[in-house]
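In the numbering used here, the protein residues as written are 674 to 831. All residues carry an ideal CB built from backbone N, CA and C; glycine is no exception. Here is the structure we will look at, set down as structure tokens.
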């Protein structure tokens with residue numbers, strides 16, 4: 674929801690990873706809107722407007738389909754008119770959900786570093802994404818062929 678030209682980002686599960694996810698969402702919404710102050714982060718579980726970030730349990734979403742919610746990544750995104758939620762089976766999944774949400778809005782990270790980002794300019798007052806996904810595997814991997822340097826690795830981690 675736009676309030677004073679801001680999109681509220683509501684943190685329901687206050688841990689370092691979810692707070693980082695909120696900061697990333699705020700940052701990229703700011704780049705899209707060409708206004709770095711557009712994303713207003715709120716740590717108020719009673720706040721109902723905006724885009725809420727949290728675990729499945731924060732939204733009453735069942736994780737019964739997962740063997741182990743701490744190890745198995747799944748996301749559920751439902752945002753309409755810049756209001757709704759991005760939920761994950763664990764904190765890491767919330768961050769994955771934020772990046773999937775941004776990808777659905779046209780953001781791309783083609784290679785490490787700022788020059789590898791493609792962020793579209795757009796109105797962020799009426800964003801809409803509905804998506805449910807479960808990771809096919811528990812493990813994640815990254816191939817680092819070619820020019821391997823400390824700078825490249827740090828850009829990849831970022």
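So, with DSSP's three-state summary, where would you put residue i?
i	result
residue 687	coil
residue 726	strand
residue 675	The predicted model places residue 675 with a pLDDT of 43, which falls under 50 and marks its position as unreliable; any figure quoted below should be read in that light. Looking at residue 675 - three-state DSSP - the assignment turns out to be strand.
residue 790	strand
residue 770	helix
residue 761	strand
Give a yes or no on whether the C-beta atoms belonging to residue i and residue j are separated by under 8 Å.
i	j	result
residue 724	residue 756	yes
residue 720	residue 683	yes
residue 726	residue 752	no
residue 656	residue 731	No statement about residue 656 is possible, as the shown extent of the chain runs from 674 to 831 and does not include it.
residue 722	residue 787	no
residue 706	residue 771	no
Any idea which residues DSSP pairs residue i with across the strands?
i	result
residue 806	748
residue 756	753
residue 781	791
So residue i packs on residue j, CB below 8 Å; how close in whole Å?
i	j	result
residue 780	residue 693	Between residue 693 and residue 780 the Cβ distance is about 17 Å, and since that is not below 8 Å, they are no contact.
residue 762	residue 729	6 Å
Looking at chain C, is there any beta carbon in it that lies within less than 8 Å of the beta carbon of residue i?
i	result
residue 764	Given the protein chain composition of this structure (a single chain), no chain C is represented.
| Taking one C-beta from the segment 801-810 and one from the segment 746-755 each time, how about it: are there three or more such pairs within less than 8 Å? | yes
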